[in-house]
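With the working numbering, the residue at position 51 of the sequence shown is 230, and numbering never jumps. Before any comments, here is the structure.
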Amino acid sequence: MKKISLVVPCYNEQEVIEIFYAEISKVKREFKNVVFEIIFVNDGSKDNTLNLMRKLSKNKDVRYLSFSRNFGKEAAMYAGLEASTGDYVAIMDADLQDPPFLLKEMYDILETGEYDSVATRRVSRKGEPIIRSFFARMYYKLINKISKTEIVDGARDFRLMTRQMVNSVLSLKEYNRFSKGIFSWVGYRTKWLEYENVERVAGTTKWSFFKLFLYSLESIVAFSTVPLSIASVMGILFCFIAFILIILIIVRTLVYGDPTSGWPSTVCIMFFIGGIQLLCLGIMGQYLSKTYLEVKKRPIYIVAETEKDTKDVK
Ligand code: UDP
Ligand code: MG
180 MKKISLVVPC YNEQEVIEIF YAEISKVKRE FKNVVFEIIF VNDGSKDNTL
230 NLMRKLSKNK DVRYLSFSRN FGKEAAMYAG LEASTGDYVA IMDADLQDPP
280 FLLKEMYDIL ETGEYDSVAT RRVSRKGEPI IRSFFARMYY KLINKISKTE
330 IVDGARDFRL MTRQMVNSVL SLKEYNRFSK GIFSWVGYRT KWLEYENVER
380 VAGTTKWSFF KLFLYSLESI VAFSTVPLSI ASVMGILFCF IAFILIILII
430 VRTLVYGDPT SGWPSTVCIM FFIGGIQLLC LGIMGQYLSK TYLEVKKRPI
480 YIVAETEKDT KDVK
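The following block contains the structure:
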């Protein structure tokens, strides 16, 4: 008997959580000699999600963890992986954007023993705002240029992993988590499955453009130190320019005398250099703040309630 754990982060998913469970129950029938463990992680939902989880946990294949507040999807995934006990573990969104029918194929591939993980990427972004797709593409181009860890364009967090790989992922205990990078960083043999983008069955996306933008900055800080060298490169460049200008001015003064002029250009240059300095300081600040959060060693999440609590009550 093999055991598959499904980790499902949920934040305000009251519209979809029951549909999700029904779909999984359908898919389960295709498996032979496999038991399932579905771990819902309630990431501080403000709607009825937790109550639905309590209800679903009456089924013996359902477990849940409920956070004391919203800690973000990364924390929810980490908590779910930590709680999982299966031989294989998959992370899935609650909104069915990660097609459950792929699970069987993923499982069969891992059973051959040739791979340690089967990951998914969507080849299209249909149904997504155009500006969002555009910035997403730009982001993937940039991060892959400046980071040694490969971040695959369109990669989903949906993947089935062996216990060994899950343990490796869990051994990275950093506070600022970026799973797409972490999965790639730990290595192992990964098979990629591709599929067309699926729109969520109900409810709305939990990621605003601004939230995604901040997440992308975090991932850059987490997986690249190239921005830190911007200051040095610009410093060298500016010294070089200044050196040439000094020579030019000395020559000009020797040839034409020294008429006082050109203060507007001086002001422009001051603003420009001042701006660059603030930018570099800001970049340093980003890394410093992340370092600050890491050294505090705060827990990644806090659990307020699990399925054990409801089972005790009964
Ligand atoms: N999610 C979460 N915590 C958050 C935001 C999202 O656990 O702070 C979950 C959400 O419930 C869903 C998954 O992460 O199961 C993906 O979120 P969503 O579908 O809103 O993102 P999108 O698919 O639009 O990128
Ligand atoms: Mg979604």
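Think of the CB as a built atom: it goes at the ideal place given N, C-alpha and C, for glycine as much as any other residue. Note that the structure is predicted; figures quoted are calculated from it, not measured.
Integer Cβ distance of residue i from residue j, believed to fall under 8 angstroms
i       : j       : result
Gln-193 : Leu-244 : With 8 angstroms as the limit, Gln-193 and Leu-244 do not qualify as a contact, their Cβ atoms being about 17 angstroms apart.
Tyr-354 : Arg-477 : 7 angstroms
Lys-182 : Gly-265 : 4 angstroms
Arg-379 : Leu-275 : 7 angstroms
Asn-212 : Gly-306 : The pair is not a contact, with the Cβ atoms about 37 angstroms apart (cut-off 8 angstroms).
Lys-304 : Tyr-374 : One point to set straight first is that residue 304 is Arg, not Lys, in the sequence displayed. Incorrect: roughly 12 angstroms between the Cβ atoms, too far for contact.
Ile-448 : Ala-410 : Actually they do not touch by this definition, with Cβ atoms about 18 angstroms apart.
Ile-284 : Leu-185 : Looking at the sequence itself, residue 284 is Glu, so the reference to Ile does not match. Contact flag wrong, Cβ pair sits at about 15 angstroms.
Gly-251 : Asp-277 : The pair is not a contact, with the Cβ atoms about 18 angstroms apart (cut-off 8 angstroms).
Val-345 : Ile-361 : With 8 angstroms as the limit, Val-345 and Ile-361 do not qualify as a contact, their Cβ atoms being about 11 angstroms apart.
Ala-381 : Val-220 : About 19 angstroms; that fails the 8 angstroms criterion.
Phe-215 : Lys-207 : 6 angstroms
Phe-246 : Val-446 : Not a contact, Cβ separation roughly 52 angstroms.
Phe-389 : Arg-311 : At roughly 12 angstroms, the Cβ-Cβ gap does not stay under 8 angstroms, so Phe-389 and Arg-311 are not in contact.
Leu-339 : Tyr-286 : 7 angstroms
Closest Cα partner of residue i within the set the options
i       : options                            : result
Phe-313 : Leu-433, Leu-391, Ser-184          : Leu-391
Pro-188 : Ala-255, Lys-181, Phe-362          : Ala-255
Lys-237 : Ala-273, Tyr-200, Met-271, Glu-253 : Tyr-200
Lys-327 : Gly-366, Gln-343, Asp-488          : Gly-366
Trp-386 : Ala-483, Gly-436, Tyr-190, Ser-184 : Tyr-190
Leu-281 : Met-344, Phe-210, Tyr-319          : Phe-210
Thr-384 : Lys-283, Pro-308, Lys-205, Ile-217 : Pro-308
Gln-322 : Lys-359, Phe-419, Cys-418          : Before going on, a small fix: residue 322 reads as Ile here, not Gln. Residue Lys-359 is the option with its Cα nearest to Ile-322.
Gln-465 : Thr-485, Ile-481, Val-405, Ala-381 : Val-405
Ser-350 : Tyr-257, Phe-450, Ser-224          : Tyr-257
Thr-485 : Lys-324, Gly-259, Ser-347, Ile-423 : Gly-259
Ile-480 : Met-180, Tyr-319, Arg-248          : Ile is not the amino acid found at residue 480; the sequence shown has Tyr there. The shortest Cα separation from Tyr-480 among Met-180, Tyr-319, Arg-248 belongs to Arg-248.
Gly-414 : Ile-452, Leu-467, Asp-240, Leu-433 : Ile-452
Tyr-394 : Glu-253, Thr-228, Asp-226          : Glu-253
Gln-330 : Trp-364, Ile-310, Glu-202          : Residue 330 is actually Ile in this sequence, not Gln. Checked all of Trp-364, Ile-310, Glu-202; the closest Cα to Ile-330 is Trp-364.
Thr-369 : Leu-407, Pro-443, Ile-288, Tyr-435 : Ile-288
Thr-470 : Ser-444, Val-482, Arg-356          : Arg-356
Cys-459 : Gly-441, Ser-444, Trp-442, Leu-407 : Leu-407
Lys-487 : Asn-227, Glu-197, Ala-262, Lys-352 : Ala-262
Gln-456 : Val-434, Phe-417, Ser-444, Leu-396 : Phe-417
Glu-202 : Ser-224, Pro-279, Lys-225, Asn-227 : Pro-279
Val-241 : Ile-429, Glu-197, Asp-226          : Glu-197
For residue i, three-class secondary structure by DSSP
i       : result
Met-271 : coil
Lys-359 : helix
Lys-352 : coil
Ala-334 : strand
Tyr-508 : Because the chain is modelled from 180 through 493, residue 508 falls outside the range shown and cannot be assessed.
Ile-217 : strand
Ser-184 : strand
Tyr-319 : helix
Lys-305 : coil
Lys-370 : strand
Lys-493 : Residue placement at Lys-493 is flagged as unreliable, the pLDDT there being 48, under the threshold of 50; the coordinate-derived value follows with that caveat. Note: Lys-493 maps to coil in three-state DSSP.
Glu-261 : helix
Glu-378 : coil
Arg-477 : coil
Ser-296 : strand
Glu-484 : strand
Cβ of residue i within 8 angstroms of any chain D Cβ
i       : result
Lys-320 : The structure shown has no chain D; it contains just one protein chain.
Quiz item: Taking contact to mean at least 3 C-beta pairs separated by less than 8 angstroms, is the region 328 to 342 in contact with the region 265 to 284?
Solution: yes
Quiz item: Does the region 295 to 309 touch the region 398 to 418, meaning 3 or more C-beta pairs lie closer than 8 angstroms?
Solution: Contact between the region 398 to 418 and the region 295 to 309 is absent, because fewer than three Cβ pairs lie under 8 angstroms.
Quiz item: Taking the runs of the beta strand (DSSP E) that are 3 residues or longer, which of them lie wholly in the region 413 to 463?
Solution: none
Quiz item: For the region 190 to 248, which segments carrying the alpha helix (DSSP H) assignment without a break, of at least 4 residues, lie completely within its bounds, in sequence order?
Solution: 196 to 207, 228 to 235
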